[in-house]
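J.: First to last, the protein sequences are chains A and B.
The first sequence begins at 26 in my numbering and counts up by one.
The second sequence begins at 26 in my numbering and counts up by one.
Note that CB positions come from ideal geometry on N, CA and C, so glycine has one too.
Protein chains: 2
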Amino acid sequence: MTTTSAGHPEGLPQLLREAGLRVTQPRVAVLGAVRAHPHADTDSLIAAARRDVPEVSHQAVYDVLGALTRSGLVRRIQPPGSVARYEARVGDNHHHVVCRSCGTIADVDCAVGHAPCLTASDDHGFTIDEAEVVYRGLCPTCAAAATA
Amino acid sequence: MTTTSAGHPEGLPQLLREAGLRVTQPRVAVLGAVRAHPHADTDSLIAAARRDVPEVSHQAVYDVLGALTRSGLVRRIQPPGSVARYEARVGDNHHHVVCRSCGTIADVDCAVGHAPCLTASDDHGFTIDEAEVVYRGLCPTCAAAATA
DNA sequence: TGTCGAATCTTGACTCGTTCCAGATACGGG
DNA sequence: CCCGTATCTGGAACGAGTCAAGATTCGACA
């Protein structure tokens with residue numbers, strides 16, 4: 026066991042290097058954890074990272090997640106009523122569905138094409154450079170449970 | 026000063042009653058504060074409410090905000106990297122622009138019409154009943170400051 | 001390959017927003 | 001006007017996330 030998690034055992038260091046980040050055990054472990062567990066919260070990521078590097082401090086994980094977010098390797102999402110979560114799918118413009126009942130998160134592609142979301146009807150003079158869409162509802166499981 | 030805040034000194038109690046809530050001084054004060062200060066955070070609302078009712082405990086304000094949110098009189102919004110904020114514009118489908126620099130929030134109407142946001146390209150079986158859109162960018166002031 | 005400076009990690013304390021609890025108080029139906 | 005219950009007060013507790021100081025490790029360069 027204790028495989029280097031994701032499917033690119035050697036690719037992670039390279040990704041880090043290309044992003045201009047030093048390659049350290051904590052960073053490889055955290056990046057692998059995010060890629061292996063999309064939409065995971067910080068606690069889960071700390072636990073997952075410790076499977077590879079048992080000694081990582083929570084502080085290091087927070088720091089790494091901050092660095093990865095800053096360099097664009099991961100994205101931080103923060104659904105209301107939940108703690109911060111991270112995902113490794115970046116670059117493609119996609120959004121999320123959040124289940125009201127169990128909090129599960131799933132990816133959805135942009136509703137109206139590629140990036141029309143960036144067009145607000147009246148932008149109040151703001152220079153808009155990004156739009157995030159969060160859908161709320163019930164996941165299939167919870168919907169079934171509620172109907173039953 | 027110490028006016029009853031909003032423009033409907035007598036309307037607030039009625040709004041509360043119609044929502045099935047008891048009319049108390051803290052509730053009137055908090056509801057008035059939310060209507061007078063759109064997008065304000067909890068601390069500001071506590072301060073604003075205390076202008077009318079100096080003795081309100083922070084706990085009461087939290088409780089009132091919860092009750093108002095539950096009955097649909099106010100909406101709770103929680104921009105990433107910021108604390109909870111509340112607004113009294115409910116019922117109309119509108120979204121928000123958040124300034125990356127100063128955190129200012131402004132309202133924007135739905136980009137593509139009325140409620141097309143509810144249509145995700147692939148909903149993964151979710152029963153979607155709401156969509157929230159958050160635009161990110163710079164407000165006119167911060168944009169000017171950044172360019173200068 | 002060995003050395004050195006700077007970035008990164010460890011440990012532990014701390015802040016801040018929010019929630020929980022128990023007892024006192026006020027609203028409003030009868 | 002009175003009573004039962006929803007609501008409010010005051011204070012303590014909680015958890016996610018941040019700050020700070022010192023030890024460690026990466027990797028550029030000789």
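Please confirm whether A/Thr28 has its beta-carbon closer than 8 Å to some beta-carbon of chain B.
T.: The residue labelled residue 28 of chain A in the question sits at position 3 within the first sequence. Low confidence applies to A/Thr28: its pLDDT is 41, below 50, so where it sits in the model is not reliable, and the reading given next is rough at best. Chain B, which has no Cβ nearer than 8 Å to the Cβ of A/Thr28, makes this no.
J.: Which residues in chain B sit within 7 Å of A/Gly91, going by Cβ to Cβ distance?
T.: Taking the first sequence and counting its residues from 1, the one referred to as residue 91 of chain A is at position 66. Going along chain B, no residue has its Cβ under 7 Å from A/Gly91, so there is no contact; the nearest lies around 12 Å.
J.: Here's a check: name, in chain order, each residue in its chain whose Cβ is nearer than 7 Å to the Cβ of B/Gly128, leaving out the five neighbours to either side.
T.: Locating residue 128 of chain B in the second sequence gives position 103, where the first residue counts as 1. Answer for B/Gly128: Ser107, listed in chain order.
J.: What does the alpha-carbon distance come out to for the pair B/Cys124 and B/Pro165?
T.: Within the second sequence, numbered from 1, the residue matching residue 124 of chain B stands at position 99. Within the second sequence, numbered from 1, the residue matching residue 165 of chain B stands at position 140. Each residue's Cα considered, the two are about 9 Å apart.
J.: Compute the Euclidean distance between the alpha carbons of B/Leu40 and B/Ala113, then round it to the nearest angstrom.
T.: Position 15 of the second sequence, counting from 1, holds the residue named residue 40 of chain B. Position 88 of the second sequence, counting from 1, holds the residue named residue 113 of chain B. B/Leu40 and B/Ala113: Cα-Cα distance of roughly 12 Å.
J.: Using 8 Å as the limit for Cβ to Cβ distance, is B/Cys164 near chain A?
T.: Numbered from its first residue, the second sequence carries residue 164 of chain B at position 139. Taking Cβ atoms only, chain A reaches closer than 8 Å to B/Cys164, which makes this a yes.
J.: For A/Val115, is the classification buried or exposed, using 16 other Cβ atoms within 10 angstroms of its Cβ as the cut-off for buried?
T.: What you label residue 115 of chain A is simply residue 90 of the first sequence in a count that begins at 1. Exposed: under 16 other Cβ atoms inside 10 Å.
J.: Counting Cβ pairs, one atom from each stretch, are 3 or more of them under 8 Å apart for the segment 74–83 of chain A and the segment 91–102 of chain A?
T.: Flag = no, the segment 74–83 of chain A and the segment 91–102 of chain A do not touch.
J.: Which chain A residues are close to B/Ala131, counting only those with a beta carbon under 8 Å from its beta carbon?
T.: Start at 1 with the first residue of the second sequence, and residue 131 of chain B comes out as number 106. Within chain A, the residues near B/Ala131 are His149 and Phe151.
J.: Alpha carbon to alpha carbon, how far is A/Thr152 from B/Gly45? Give it in angstroms, no decimals.
T.: Here residue 45 of chain B is taken as the residue at index 20 of the second sequence, counted from 1. Here residue 152 of chain A is taken as the residue at index 127 of the first sequence, counted from 1. Approximately 42 Å, taken between the alpha carbons.
J.: Looking at chain B, is there any beta carbon in it that lies within less than 8 Å of the beta carbon of A/Gln50?
T.: On the first sequence, position 25 is the one that residue 50 of chain A refers to. So no, A/Gln50 is outside the interface.
J.: Can you pull the chain B residues whose beta carbon is under 7 Å from the beta carbon of A/Asp154, in chain order?
T.: Here the question's residue 154 of chain A lines up with position 129 in the first sequence. Residues of chain B passing the Cβ test: Arg161 and Gly162.
J.: Leaving aside the five residues before and after A/Ala92 along the sequence, list all residues of the same chain whose C-beta is less than 8 Å from its C-beta, in chain order.
T.: What you label residue 92 of chain A is simply residue 67 of the first sequence in a count that begins at 1. Leu46 and Arg52.
J.: Can you tell me whether A/Ala85 is buried or exposed, with buried defined as 16 or more other CB within 10 angstroms of its CB?
T.: For this step, residue 85 of chain A is matched to residue 60 along the first sequence. Buried, by the Cβ-count rule.
J.: State yes or no: is the beta carbon of A/Leu37 nearer than 8 Å to at least one beta carbon in chain B?
T.: The sequence position of residue 37 of chain A within the first sequence is 12, counting from 1. Output row for A/Leu37: interface = no.
J.: Tell me which same chain residues have a C-beta within less than 7 Å of the C-beta of A/Pro38, skipping the five on either side of it?
T.: Counting from 1 along the first sequence, the entry for residue 38 of chain A is found at position 13. Cβ neighbours of A/Pro38 beyond the five flanking positions: Val48 and Val53.
J.: Counting along the chain, where does the beta strand (DSSP E) carrying B/Arg76 start and finish?
T.: Sequence index remark: in the second sequence, residue 76 of chain B carries index 51 (1-based). Run containing B/Arg76: none in the beta strand (DSSP E); it sits in the alpha helix (DSSP H), Thr67 to Asp77.
J.: In the DSSP output, which residue or residues are listed as bridge partners for B/Glu112?
T.: If you number the second sequence from 1, residue 112 of chain B lands on position 87. The partner list for B/Glu112 (beta bridge, DSSP) reads B/Arg100.
J.: For A/Tyr87, which beta-bridge partners are listed by DSSP?
T.: Here residue 87 of chain A refers to the residue found at position 62 when the first sequence is read from its first residue. BP columns for A/Tyr87 are empty, so no partner.
J.: Going by DSSP, what residue range makes up the alpha helix (DSSP H) through A/Gly36?
T.: Indexing the first sequence from 1 puts residue 36 of chain A at position 11. Gly36 to Glu43 is the extent of the alpha helix (DSSP H) around A/Gly36.
J.: Closest Cβ-Cβ distance between A/Glu157 and chain B: below 8 Å?
T.: For the purposes of this step, residue 157 of chain A is taken as residue 132 along the first sequence, with counting starting at 1. Yes, because at least one Cβ of chain B sits closer than 8 Å to the Cβ of A/Glu157.
J.: Suppose the cutoff is 6 Å on Cβ atoms and the five residues either side in sequence are ignored; what does the same chain contact list for A/Pro63 look like?
T.: Residue 63 of chain A sits at position 38 when you count from the first residue of the first sequence. Closer than 6 Å at Cβ, skipping near neighbours: Glu112.
J.: Can you tell me which of B/Gly162, B/Arg161 and B/Glu157 puts its alpha carbon nearest to the alpha carbon of A/Tyr160?
T.: One-based indexing of the first sequence puts residue 160 of chain A at position 135. Comparing Cα-Cα distances from A/Tyr160 to each of B/Gly162, B/Arg161 and B/Glu157, the minimum goes to B/Glu157.
J.: Could you list which residues in chain A have their beta carbon closer than 9 Å to that of B/Cys127, in chain order?
T.: As a working note, residue 127 of chain B is residue 102 in the second sequence. Within 9 Å Cβ-Cβ: nothing; B/Cys127 doesn't reach chain A, min ~11 Å.
J.: Going by DSSP, name the residue or residues bridged to B/His119.
T.: Looking up residue 119 of chain B in the second sequence gives position 94. Answer is B/Asp134.
J.: If you measure from the beta carbon of A/Ala65 to each beta carbon in chain B, is any gap under 8 Å?
T.: Counted from its first residue, the first sequence places residue 65 of chain A at position 40. Chain B, which has no Cβ nearer than 8 Å to the Cβ of A/Ala65, makes this no.
J.: Could you tell me the boundaries of the beta strand (DSSP E) in which A/Arg161 lies?
T.: Counted from its first residue, the first sequence places residue 161 of chain A at position 136. Note, A/Arg161: beta strand (DSSP E), Thr152 to Leu163.
J.: For chain A, check one thing: does any of its Cβ atoms lie closer than 8 Å to the Cβ of B/Val122?
T.: Counting from 1 along the second sequence, the entry for residue 122 of chain B is found at position 97. Interface residue, yes.
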